[in-house]
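So the sequences go chain by chain: A and B.
Sequential numbering of the first sequence, starting at 78, is according to the numbering used here.
Sequential numbering of the second sequence, starting at 42, is according to the numbering used here.
Don't be surprised by glycine CBs; every beta carbon is placed ideally from N, CA and C.
Notes for the one structure printed next.
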Amino acid sequence: MVSIYMKEHKKDFETLYNEFSDVIFRHLYYRLGERERALEMTQDVFMNLWGYMSRGKKVEHPKTFLYRCAHNAYVNDIRTKRVKISLDDLMEEGFDVEYNEEDKEELELQKEVVENARRLDGNYREVIIMRYVDGLKVKEIAEILGETDNNVSVKLNRGLKKLKEVYGRIKTA
Amino acid sequence: MEELKPLEQNSKSVRLLKSEKEAMLARIMADAPKSVLSPYGFLRSRSVFLYIGMLALIMAISTPLTFAAQKSIPGDFLYGLEVGLVETIEEALVFGPDKKMVYYDSRMVERIEEMKTVSSEKKELLARDKEVEKDISAANRKFRNHAVKSRENKKEIAVDEKKEINDLVHDVALVSAYEDVLVRVDENIDLEDIGDLKNETKDELAIKIAIYAGLTDETALREEIITKIELSGGYDEGSDMVSVNTEERKEERAEDANEDINDGQSDEFSLMSRVEPVELPEGILGMEETVTKEDDNEYMRSDELEIDGGRKTDEIINEKKISENSQDKKEDKIERAKSALEKGELTEAYSIMTEVEVDNAKDDYLVGSR
Numbered sequence: 078m079v080s081i082y083m084k085e086h087k088k089d090f091e092t093l094y095n096e097f098s099d100v101i102f103r104h105l106y107y108r109l110g111e112r113e114r115a116l117e118m119t120q121d122v123f124m125n126l127w128g129y130m131s132r133g134k135k136v137e138h139p140k141t142f143l144y145r146c147a148h149n150a151y152v153n154d155i156r157t158k159r160v161k162i163s164l165d166d167l168m169e170e171g172f173d174v175e176y177n178e179e180d181k182e183e184l185e186l187q188k189e190v191v192e193n194a195r196r197l198d199g200n201y202r203e204v205i206i207m208r209y210v211d212g213l214k215v216k217e218i219a220e221i222l223g224e225t226d227n228n229v230s231v232k233l234n235r236g237l238k239k240l241k242e243v244y245g246r247i248k249t250a
Numbered sequence: 042m043e044e045l046k047p048l049e050q051n052s053k054s055v056r057l058l059k060s061e062k063e064a065m066l067a068r069i070m071a072d073a074p075k076s077v078l079s080p081y082g083f084l085r086s087r088s089v090f091l092y093i094g095m096l097a098l099i100m101a102i103s104t105p106l107t108f109a110a111q112k113s114i115p116g117d118f119l120y121g122l123e124v125g126l127v128e129t130i131e132e133a134l135v136f137g138p139d140k141k142m143v144y145y146d147s148r149m150v151e152r153i154e155e156m157k158t159v160s161s162e163k164k165e166l167l168a169r170d171k172e173v174e175k176d177i178s179a180a181n182r183k184f185r186n187h188a189v190k191s192r193e194n195k196k197e198i199a200v201d202e203k204k205e206i207n208d209l210v211h212d213v214a215l216v217s218a219y220e221d222v223l224v225r226v227d228e229n230i231d232l233e234d235i236g237d238l239k240n241e242t243k244d245e246l247a248i249k250i251a252i253y254a255g256l257t258d259e260t261a262l263r264e265e266i267i268t269k270i271e272l273s274g275g276y277d278e279g280s281d282m283v284s285v286n287t288e289e290r291k292e293e294r295a296e297d298a299n300e301d302i303n304d305g306q307s308d309e310f311s312l313m314s315r316v317e318p319v320e321l322p323e324g325i326l327g328m329e330e331t332v333t334k335e336d337d338n339e340y341m342r343s344d345e346l347e348i349d350g351g352r353k354t355d356e357i358i359n360e361k362k363i364s365e366n367s368q369d370k371k372e373d374k375i376e377r378a379k380s381a382l383e384k385g386e387l388t389e390a391y392s393i394m395t396e397v398e399v400d401n402a403k404d405d406y407l408v409g410s411r
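Structural data, given as structure tokens:
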């Protein structure tokens, strides 16, 4: 009986993993600006989810749950000011992924996209990424960040103004 | 918006590589617990004893002894059992932040009610001074503890600034009411801890108000302040910005006091009022409220009043005086809020009206008997 119960959980977990692993990774990569750290943190977020589900708890709103875990992991990371990790460190820890030439090109392209977006002011980057990269609604962002809708809207407006300035500078450069 | 196009279009290209995705899943599964908790797990081994133990504790709470303990007050033989054991067990059996919040608030109200009873039975209880003192210290610790936990749970379930402000209004009111009744029990009581708690909660409220006022649209905030003033009776029905005629109201109340005393209705006054005219707790944003000599002059005719039993005239007049002073203070605050509103100082007006709400909530906790 227990094994059937576990199988169901594993299936549910895999469904959520396939649906959200890319978006959570993208969110963290944009916010951290470090691919390796984003990979490690994405893994932590899904470990949390699995730990939660394996205790028999039901996740009512998986999207909010995962984004909130990701946000908390990011905040903890900033607070503890962890040492930067490299791909080699990650592989030593057991994350043994081999990259071919095609992969390396894609990774370079991704890096460029993220670096461009990270020119945004740090104060507003968070909400702009959540709204325009992750496609979250203002209400969802407010819930994840534990702020009011109004506060998020104000940050978005100010962030967009900053974005215009950054964009203007890139165009004229 | 043109600036957002590259951000939106390119974002989809940022993703996990297929190999990374598979490796990550394999790693999570390898590190994951080997089994999940069965929904029928409670039937196994030690869990059964735990559930039986909990059941026994629930039954223990419902015995007559614990029932008596729940009704005890500081100084009673069973009071230690109430705050030490019964409430600790009750607390452990409350789950979920919303239920916990309600539980902690109810315990705080219970502490206020207990102190009201202690203050009314002061003479008898003071004979057992040490017991009372010990129990009051325990009650204070419990009150502080419940206030902190209630706040934590309220934060957890708060959905917006407004709800946080409303919750904080009640928290400040509860702590202020508790402080008031403690003074009534013993004027020399050490209020440092409760005073600190009140100040911390008030500071938190002031910050929330500033944030809320800063984020709210000016017209909406103005309307909200006007509604608060209206609800507090600051504007007469059917007319805008009509100022309150404070003098007339004072006279009316003085007449009411005379009638009430002669009708023998004094007993229904709250215990809150049975105090010497001491200094009242400071207002929410740091304003001192004191009963002044000038206020006393309005009640000189109290010497002419007499009722049964001899108490009582001065005492009842005192009750009335405190209550009316409190009413006057509220009216003053409403006038100040109106004036700030007219000057366009919306945050100030909002803060003052929140003070009035705290005062009203505090009065609600202080009125009524055990």
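Is the shortest distance between the beta-carbon of Arg263 (chain B) and the beta-carbons of chain A less than 8 Å? no
Figure out for me which residue from B:Ser52, B:Glu63 and B:Ala64 has the closest Cα to the Cα of Tyr107 (chain A). B:Ser52
Could you give the distance in angstroms between the alpha-carbon of Arg185 (chain B) and the alpha-carbon of Arg148 (chain B)? 11 Å
Using 8 Å for Cβ pairs, my map puts Asp211 (chain A) next to His104 (chain A). What's the rounded Cβ distance? 5 Å
Compare the C-beta of Arg152 (chain B) with all C-beta atoms of chain A and state if any pair is closer than 8 Å. no
Return helix, strand or coil for Phe142 (chain A), following the three-state DSSP convention. helix
Could you tell me whether the Cβ of Lys62 (chain B) comes closer than 8 Å to any Cβ of chain A? yes
Since Glu202 (chain B) and Lys249 (chain B) should fall inside the 8 Å C-beta cutoff, what is the C-beta to C-beta distance between them, to a whole number of angstroms? 6 Å
Against chain A: residues of the region 191 to 212 of chain B by CB proximity under 7 Å: Asp201 and Glu202
Could you name the residues of the same chain whose beta carbon sits closer than 6 Å to that of His148 (chain A), not counting the 5 residues immediately before and after it, in chain order? Ile221
Report buried or exposed for Leu48 (chain B), applying the criterion of at least 16 other Cβ atoms within 10 angstroms of its Cβ. buried
Whole alpha helix (DSSP H) runs in the region 116 to 197 of chain B with 4 or more residues, listed along the chain? 128 to 133, 138 to 161 and 163 to 167
For Val200 (chain B) versus Thr395 (chain B), is the C-beta spacing smaller than 8 Å? no
Locate the alpha helix (DSSP H) running through Tyr253 (chain B), then write down its first and last residues. Glu233 to Leu256
Min CB distance Glu372 (chain B) to chain A below 8 Å: no
Since Leu213 (chain A) and Ile205 (chain A) are thought to touch, with beta carbons under 8 Å apart, how far apart are those beta carbons, to the nearest angstrom? So it is not a contact: roughly 11 Å between Cβ atoms.
So, at 7 Å on beta carbons, what are the nonlocal neighbours of Ala254 (chain B) in its own chain, with the 5 sequence-adjacent residues on each side left out? Leu262, Leu387, Thr388 and Tyr391
Taking just the CA atoms, how far does Asp400 (chain B) sit from Ser367 (chain B)? 8 Å
Quick one: is the Cβ of Asp405 (chain B) within less than 7 Å of any heavy atom of the ligand PLP? The ligand PLP is absent from the structure shown, which contains no ligands of any kind.
Given this structure, state the Cα-to-Cα distance separating Lys87 (chain A) from Val122 (chain A), to the nearest angstrom. 16 Å
Using beta carbons (cut-off 8 Å, strictly below), is Val231 (chain A) in contact with chain B? yes
At a CB distance below 8 Å, what residues from the region 110 to 123 of chain A approach chain B? Give them in sequence order. Leu116, Thr119, Gln120 and Phe123
Please return the same chain residues whose Cβ sits closer than 6 Å to the Cβ of Glu179 (chain A), not counting the five positions on each side in sequence. none
Below 8 Å between beta carbons: does that hold for Arg225 (chain B) and Lys183 (chain B)? no
Residue-chain proximity (Glu183 (chain A), chain B), Cβ-Cβ < 8 Å: yes
Three-way DSSP call (helix, strand, coil) for Glu137 (chain A) in this model: coil
Proximal residues to Lys232 (chain A) (C-beta, below 7 Å), its chain only, five neighbours per side dropped: Tyr201 and Val204
Going by DSSP, what residue range makes up the alpha helix (DSSP H) through Glu224 (chain A)? Unbroken run through Glu224 (chain A): none, as it is neither H nor E.
Looking only at its chain, what residues have a beta carbon closer than 6 Å to the beta carbon of Ile177 (chain B), apart from the 5 residues adjacent to it on each side? Pro115
Close beta carbons around Ala180 (chain B), own chain, < 6 Å, minus the five adjacent residues each side: Pro115 and Arg152
Would you call Glu220 (chain B) buried or exposed, if buried means 16 or more other Cβ atoms sit within 10 Å of its Cβ? buried
For a contact meaning CB atoms closer than 8 Å, what does Asp180 (chain A) contact in chain B? Leu58 and Ser60
I want to verify the contact list: residues of chain B whose CB lies under 8 Å from the CB of Thr225 (chain A), in sequence order. Asp201, Glu202 and Leu256
Of all Cβ atoms in chain A, is any one closer than 8 Å to the Cβ of Arg68 (chain B)? yes
Determine, using beta carbons only, whether Ile393 (chain B) and Lys374 (chain B) come nearer to each other than 8 Å. yes
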